[in-house]
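Report on the structure given below.
Residue numbers (UniProt numbering), protein chains in the order written: chain A, 1 to 250; chain B, 1 to 250.
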């Protein structure tokens, strides 16, 4: 069985519409490459009760939990206090991180607010931040990362090699302009039924103002099944008079 | 009290990393304008049990639930069957939608797969789709919309006027290049404490490869409090030697 994962995006700025989240997509792609199945992603507010309950619910349900957001120096950065409470441990100074931050920021500027970034829950292991030093960390199966995409990405890149990887998910895509889902739906369903060990998905895409076509995606761990299903998808497009192109539409 | 809402994004393509979701952000923005508080957004897979359980859990917790995805004609479009099961009603032909689709698609091409798009749960009211006719619908407090962003947007625009609106959330933002969160954190916390009826948020932003600055956002329903807090944020930037600019950084 492939390992499973979930994402918790902590941030009022996503729920207010201020910020377009791009962290889910980055994490999802990296997990797919590692053969780790992403079961769910949640966006939740900067609310201690919600954060604590969500972390405790989700860490019991999947192998790996990834959180983003709320580990900076300002008053709205409450993630570490909440993670500590979820695990029933104190949120305390991590000496090595403290020293790294003090060196990076300079002793005279390393004020109380900035020292908050050197606090991590007792028992957590820091995750290196190659951009701005203030660490993420892992505690149990929960990986706590920054919300700023560049920093989150540097942390995730450091985490991925340490995770248990699963069999890679193989994916093949054909798309065709002017193809219509309704026309191919019955035959596509037959392909799905013929290759139950794969997941066959149909995704309409638009470019500019008008309907442009559909992309048919087959995914699975059984390479032969994926390739056979992909061949049948190609044949289906051709049989319906559509011109198939391999890969994702641009 | 302002009405509350949650979003359920139904789609393997988001969890696999194939597709960058942009529906949460669009819905979040429209809800904020309408004074409706978005409490949570979830991305879940095309899995009947997960869809049914999530819909039933969330519709009990908020005033309005918005789902996107899974209402097309192909075998992976399972949302309507799941919503019907969540409400304990049959998923059946809606005559008016059937006729509209039959006219739009043409009788000879209106096959069984396409007729699935005219099925909605018993007791649901269709939501007009001005792009490709196949309707969304509302049942109870659950609004079921397409996953394709353009179509979802046309449906949401039709829904918004029918919802109970709350007092609008007023928001003021100042940003400054080169400002540092750690330097202003203590004073910013004091502003938050002085205006507890507002939410004060601090958001670092990056442009190109290097750290560029922070945006300070104050939100709330009490216009005077928001403006006073915003004035203090401006003063704080100036006091620290930063040049404040009103609005969001580009």
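All residues carry an ideal CB built from backbone N, CA and C; glycine is no exception.
According to the neighbour-count rule (16 or more other Cβ atoms, all chains shown, within 10 Å of its Cβ), is residue i buried or exposed?
i: residue 33 of chain A; result: exposed
i: residue 176 of chain A; result: buried
i: residue 200 of chain B; result: buried
i: residue 178 of chain B; result: exposed
i: residue 180 of chain B; result: buried
i: residue 75 of chain B; result: buried
i: residue 154 of chain A; result: buried
i: residue 107 of chain A; result: exposed
i: residue 219 of chain B; result: buried
i: residue 238 of chain A; result: exposed
i: residue 129 of chain A; result: buried
i: residue 146 of chain B; result: buried
i: residue 90 of chain A; result: exposed
i: residue 241 of chain A; result: exposed
i: residue 247 of chain A; result: exposed
i: residue 88 of chain B; result: exposed
i: residue 117 of chain B; result: buried
i: residue 152 of chain B; result: buried
On the three-state DSSP scale, how would you describe residue i?
i: residue 253 of chain A; result: As displayed, chain A neither begins before 1 nor continues past 250, which places residue 253 of chain A out of reach and without an answer.
i: residue 161 of chain B; result: helix
i: residue 166 of chain A; result: coil
i: residue 117 of chain B; result: helix
i: residue 152 of chain A; result: helix
i: residue 22 of chain A; result: coil
i: residue 126 of chain A; result: strand
i: residue 201 of chain A; result: strand
i: residue 54 of chain B; result: helix
i: residue 44 of chain A; result: strand
i: residue 111 of chain B; result: coil
i: residue 195 of chain A; result: coil
i: residue 10 of chain A; result: strand
i: residue 131 of chain A; result: coil
i: residue 27 of chain A; result: helix
i: residue 76 of chain A; result: coil
i: residue 16 of chain B; result: coil
i: residue 106 of chain A; result: coil
i: residue 238 of chain B; result: helix
i: residue 227 of chain B; result: helix
i: residue 232 of chain B; result: helix
i: residue 248 of chain A; result: coil
i: residue 315 of chain A; result: Coverage of chain A is limited to positions 1 through 250, which leaves residue 315 of chain A absent and any answer about it impossible.
Is there at least one non-hydrogen atom of the ligand HEM closer than 8 Å to the beta-carbon of residue i?
i: residue 51 of chain B; result: The ligand content of the structure shown is nil, which means the ligand HEM is not present either.
Which residue from the options puts its Cα closest to that of residue i?
i: residue 290 of chain B; options: B:215, B:127 and B:162; result: Residue numbering for chain B in the displayed model covers 1 to 250; residue 290 of chain B lies beyond these limits and cannot be assessed.
i: residue 86 of chain B; options: B:51, B:70, B:102 and B:93; result: B:51
i: residue 125 of chain B; options: B:189, B:164, B:171 and B:96; result: B:96
i: residue 256 of chain A; options: A:135, A:205, A:217 and A:55; result: Past the edges of chain A, shown from 1 to 250, lies residue 256 of chain A, and the structure says nothing about it.
i: residue 93 of chain A; options: A:135, A:131 and A:130; result: A:135
i: residue 164 of chain A; options: A:44, A:56, A:35 and A:150; result: A:35
i: residue 221 of chain A; options: A:213, A:117 and A:168; result: A:168
i: residue 105 of chain B; options: B:244, B:29 and B:132; result: B:132
i: residue 29 of chain A; options: B:30, B:18 and B:29; result: B:18
i: residue 233 of chain B; options: B:59, B:207, B:57 and B:190; result: B:190
i: residue 161 of chain B; options: B:148, B:127, B:72 and B:173; result: B:127
i: residue 149 of chain B; options: A:207, A:225, A:236 and A:249; result: A:207
i: residue 58 of chain B; options: B:44, B:69, B:70 and B:71; result: B:44
i: residue 205 of chain B; options: A:20, A:1 and A:2; result: A:20
i: residue 10 of chain B; options: B:54, B:48 and B:69; result: B:69
i: residue 249 of chain B; options: B:100, B:173 and B:56; result: B:173
i: residue 157 of chain B; options: B:245, B:2 and B:31; result: B:31
i: residue 243 of chain A; options: A:159, A:213, A:61 and A:101; result: A:213
i: residue 71 of chain A; options: A:225, A:115 and A:61; result: A:115
Name the DSSP bridge partner or partners of residue i?
i: residue 172 of chain A; result: A:218
i: residue 4 of chain B; result: B:37
i: residue 139 of chain B; result: B:142
i: residue 67 of chain A; result: A:8 and A:144
i: residue 92 of chain A; result: A:120
i: residue 177 of chain B; result: B:213
(message) Counting beta carbon pairs with one atom in the stretch 6-15 of chain B and one in the stretch 39-48 of chain B, are three or more of them shorter than 8 Å?
(response) yes
(message) When you compare the stretch 129-146 of chain A with the stretch 58-72 of chain A, are there three or more beta-carbon pairs, one atom per stretch, that lie closer than 8 Å?
(response) yes
(message) Tell me whether the stretch 121-139 of chain A and the stretch 74-84 of chain A touch, counting them as touching only if at least three CB pairs, one residue from each stretch, are closer than 8 Å.
(response) yes
(message) Count Cβ pairs between the stretch 21-28 of chain B and the stretch 7-27 of chain A that sit closer than 8 Å; are there 3 or more?
(response) yes
(message) Taking 8 Å as the cut-off, does the stretch 103-119 of chain B touch the stretch 183-199 of chain A (at least 3 CB pairs, one atom from each stretch)?
(response) yes
(message) Does the structure place the stretch 219-230 of chain A close enough to the stretch 195-202 of chain A that three or more beta carbon pairs sit under 8 Å?
(response) yes
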